[in-house]
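Below is one structure, written out as structure tokens, with a few remarks after it.
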Amino acid sequence: MQSSNNASKDFIREIIDEDLKTNKYNGRVHTRFPPEPNGYLHIGHAKSICLNFGIAEDYGGLCNLRFDDTNPTKEEEEYVKSIIEDVRWLGFDWDDRLLFGSDYFDQMYEYAVQLIKAGKAYVDDLSADEISWFRGTTTTPGENSPNRDRSIEENLNLFEQMKTGEFGDGEKVLRAKIDMSHPNLNMRDPIMYRILHASHHRTKDKWCIYPMYDWAHGLEDSIEGITHSICTLEFENHRPLYDWFLDALDVYHPQQIEFARLNLTFTVMSKRMLLELVEGKYVNGWDDPRLPTISGMRRRGYSPSSIRNFCKRIGVAKVNSMVDFDFLEYCVREDLNKTSLRFMGVLRPLKVVIENYPDNKIEEIEAINNPEDPEAGTRKIPFSKVLYIEQDDFMEDPPKKFYRLAPGREVRFRYAYFITCKEVIKKDDKIIELRCTYDPETKGGYAPDGRKVKSTIHWVSAENAIDAEVRLYERLFTVKDPAGQKGTDFKEFLNSDSLEILNSCKIEPELKKMKPLDRFQFERLGYFCIDPDSNSEKLIINRTATLRDIWAKIQKKQENKN
Ligand code: ATP
Ligand code: MG
101 MQSSNNASKD
111 FIREIIDEDL
121 KTNKYNGRVH
131 TRFPPEPNGY
141 LHIGHAKSIC
151 LNFGIAEDYG
161 GLCNLRFDDT
171 NPTKEEEEYV
181 KSIIEDVRWL
191 GFDWDDRLLF
201 GSDYFDQMYE
211 YAVQLIKAGK
221 AYVDDLSADE
231 ISWFRGTTTT
241 PGENSPNRDR
251 SIEENLNLFE
261 QMKTGEFGDG
271 EKVLRAKIDM
281 SHPNLNMRDP
291 IMYRILHASH
301 HRTKDKWCIY
311 PMYDWAHGLE
321 DSIEGITHSI
331 CTLEFENHRP
341 LYDWFLDALD
351 VYHPQQIEFA
361 RLNLTFTVMS
371 KRMLLELVEG
381 KYVNGWDDPR
391 LPTISGMRRR
401 GYSPSSIRNF
411 CKRIGVAKVN
421 SMVDFDFLEY
431 CVREDLNKTS
441 LRFMGVLRPL
451 KVVIENYPDN
461 KIEEIEAINN
471 PEDPEAGTRK
481 IPFSKVLYIE
491 QDDFMEDPPK
501 KFYRLAPGRE
511 VRFRYAYFIT
521 CKEVIKKDDK
531 IIELRCTYDP
541 ETKGGYAPDG
551 RKVKSTIHWV
561 SAENAIDAEV
571 RLYERLFTVK
581 DPAGQKGTDF
591 KEFLNSDSLE
601 ILNSCKIEPE
611 LKKMKPLDRF
621 QFERLGYFCI
631 DPDSNSEKLI
641 INRTATLRDI
651 WAKIQKKQEN
661 KN
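Quick note: the sequence shown uses our numbering, first residue 101, plus one each step.
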């Protein structure tokens with residue numbers, strides 16, 4: 101069962117290949133995605149999800165969805181639900197392996213007792229500050245706690261009392277007895293359990309002691325029979341501890357492998373910062389389309405396959421780096437270009453009256469649904485005397501390179517006719533209407549006499565158009581690395597123009613058929629999708645991305661240089 105795609109094999113898959121060769125885990129490959137339910141998932145998590153579930157798929161192995169829910173105070177049911185929805189939406193499946201670290205609390209407690217009995221753990225009375233003082237620094241060794249040499253008997257008693265609630269929060273902790281002068285600070289008698297009289301989302305009030313991450317995580321992996329425990333680089337110097345616990349208990353021992361986390365330009369990816377943006381109402385909830393959350397990207401119109409593709413292409417490395425947001429958009433456009441139906445919609449309408457067109461006539465014009473996909477076929481669009489075009493597509497006094505509509509000029513109305521502007525009507529200096537004529541000989545948008553026009557613009561029939569609110573999004577931050585600016589608060593770099601709401605848009609009637617989250621292209625304007633807050637009174641549309649492909653331009657420039 102070798103991974104099929106040899107060309108793009110990353111270092112983790114190479115490790116797995118080697119383990120399969122040496123039969124390290126009897127040919128098994130079993131990974132897990134272990135989110136802490138203290139926030140919504142973001143695109144960085146998507147990288148980890150694609151990696152863990154992807155490896156399981158490639159090797160015919162298994163991947164668990166496991167909630168690392170060992171911290172009762174920050175975790176909520178809402179997050180659990182959203183995480184399940186997001187992983188499923190990305191296209192992955194865990195069968196019956198939806199697991200919770202908290203389900204192992206009894207087992208973890210037993211393991212802790214086992215370590216105490218082996219003389220490898222002790223109860224300490226020092227306060228958090230004292231513990232930190234005794235720990236020493238990277239340049240000075242730590243000192244043993246005065247409680248380090250308690251008898252096994254006494255430790256067992258105290259630990260039992262910690263569990264039954266004899267002590268207040270922070271009065272005691274259980275620590276591993278390793279080495280207070282270890283060069284790796286994580287090994288200086290790390291805390292395994294703390295006292296916290298808090299209710300847990302699943303175990304409710306059963307426990308008032310909770311396991312620390314380093315203690316719990318390896319046990320969760322071990323209990324589930326994980327083979328390769330993949331995590332991000334900041335856990336590299338926790339690995340000796342991960343190994344120490346499992347060796348000390350002499351239990352099944354998975355292998356921890358670290359990879360570089362994904363960072364994206366012009367956004368933040370820390371859950372704490374995302375929470376701050378949501379709670380401070382700088383954005384409209386966790387699924388605000390400007391956020392790098394999976395739910396935000398879904399609402400914005402990103403497809404799961406484009407996110408999976410993005411994750412595949414950025415690869416897996418051992419060094420942290422920053423990926424260009426433009427590259428993510430490039431992956432999104434590439435996918436949407438292939439799959440999106442095209443429509444016409446006018447964001448900032450300007451009324452056009454075709455003077456020589458019959459008053460009550462409505463004509464059906466044939467339009468191509470997706471030039472990238474012949475199977476998508478054609479549709480009919482109504483054309484009539486009164487139409488809307490984009491305000492930007494007309495200039496009264498056009499500069500040299502402006503080829504669109506202008507007084508006296510002829511352009512093509514997409515799929516319909518050649519139209520000539522005859523007169524501009526204004527009210528208080530503002531252009532409110534154009535009077536135009538059409539050439540009936542140019543039906544379909546081509547002149548039999550072979551004359552050409554320099555521009556094609558989109559339009560909708562006023563009588564048939566539906567109204568919509570369209571929301572345009574720009575980057576949420578004005579700088580590439582808002583979290584990395586020394587001495588500043590990341591919120592200082594919020595882009596005040598990140599959301600623009602246009603509420604008098606006119607769109608072609610065919611879009612009535614669309615359902616929430618359906619994706620499509622408005623010709624010349626970009627990719628869009630129906631916002632789930634739409635209802636029968638109000639249609640809300642989000643712009644997913646413009647058609648401008650910045651990434652392709654960057655690539656071209658690079659190529660020209662080389
Ligand atoms: P916190 O900010 O609370 O430490 P976290 O971002 O590490 O949270 P977890 O819920 O612990 O979030 O993450 C679940 C998994 O996703 C972990 O295995 C973690 O390594 C991985 N992960 C989190 N952020 C990224 C990222 N930016 N790139 C790749 N993987 C990530
Ligand atoms: Mg974490």
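C-beta: ideal position from N, C-alpha, C; glycine also.
Taking 4 residues as the minimum length, the alpha helix (DSSP H) runs contained wholly in the segment 347-414 are 371-379, 394-400 and 404-414, in order along the chain. Within 7 angstroms of the C-beta of K580 there is not a single heavy atom belonging to the ligand ATP. Ranking S406, P340, N469 and K522 by CA distance to the CA of A645 puts S406 first. Proximity of the segment 599-608 to the segment 557-571 meets the contact definition, three or more beta-carbon pairs being nearer than 8 angstroms. In terms of side-chain proximity, the C-beta atom of T520 is found no nearer than 7 angstroms to any non-hydrogen atom of the ligand ATP.
Cβ atoms of K263 and I309 come within 8 angstroms of each other, at about 6 angstroms.
With fewer than 16 other Cβ atoms inside 10 Å of its own Cβ, W233 counts as exposed. Scanning its chain for C-beta atoms nearer than 8 angstroms, with the 5 sequence neighbours on each side dropped, one finds around D435 the residues S403, S405, S406 and N409, in chain order. The Cβ-Cβ distance between V553 and V446 does not fall below 8 angstroms.
Under the three-state reduction of DSSP, Q621 is assigned to strand. In this structure, D269 keeps its C-beta atom at 8 angstroms or more from the C-beta atom of I231.
Here N123 carries a coil assignment [DSSP, helix/strand/coil]. If you check the C-beta of P135 against the ligand ATP, you find a heavy atom less than 7 angstroms away. Considering only R433, Y573, S148 and E118, the residue with the shortest C-alpha distance to F359 is S148.
In this structure, T520 sits near R509, with a CB-CB distance shorter than 8 angstroms.
The count of Cβ pairs closer than 8 angstroms, one atom from the segment 195-205 and one from the segment 315-327, reaches three, so the stretches are in contact. Here the alpha carbons of F425 and V213 stand approximately 49 angstroms from one another.
Taking all protein chains shown into account, A417 has fewer than 16 neighbouring C-beta atoms within 10 Å of its C-beta and is therefore exposed. Within the same chain, and ignoring the five residues on either side of R479 in sequence, the residues whose Cβ sits closer than 7 angstroms to its Cβ are A467, N469 and E610. From the listed residues P137, E533, K220 and R188, the smallest Cα separation to Y179 is found for P137. When only Cα atoms are considered, F518 and D492 end up about 18 angstroms apart. The ligand ATP has a heavy atom closer than 7 angstroms to the beta-carbon of D168. Selection R302, E260 and R166 evaluated against E176 yields R302 as nearest (Cα-Cα).
For H328, the CB stays at least 7 angstroms from every heavy atom of the ligand ATP.
For K438, there is no enclosing beta strand (DSSP E); the enclosing alpha helix (DSSP H) covers residues F425 to T439. Per DSSP, the beta-bridge partners of A467 are R479. V180 carries a helical assignment under DSSP once its states are collapsed to helix, strand and coil.
Note that the segment 329-345 touches the segment 271-290; at least 3 beta-carbon pairs, one per stretch, sit closer than 8 angstroms. Residue side-chain check: L349 keeps its Cβ at 7 angstroms or more from all non-hydrogen atoms of the ligand ATP. When secondary structure is reduced to three states using DSSP, C150 falls in the helix class.
A residue is called buried once 16 or more other Cβ atoms fall within 10 Å of its Cβ, and A146 is buried on that count. Relative to the non-hydrogen atoms of the ligand ATP, the Cβ of T131 never comes closer than 7 angstroms to any of them. The beta carbons of I640 and F443 sit about 16 angstroms from each other, so the pair does not count as a contact at 8 angstroms.
The alpha carbon of T170 has as its nearest neighbour, out of H300, G545 and S245, the alpha carbon of H300. For the ligand ATP, a non-hydrogen atom lies closer than 7 angstroms to the CB of T332. With contact defined as three or more Cβ pairs closer than 8 angstroms, the segment 218-225 and the segment 242-261 are in contact.
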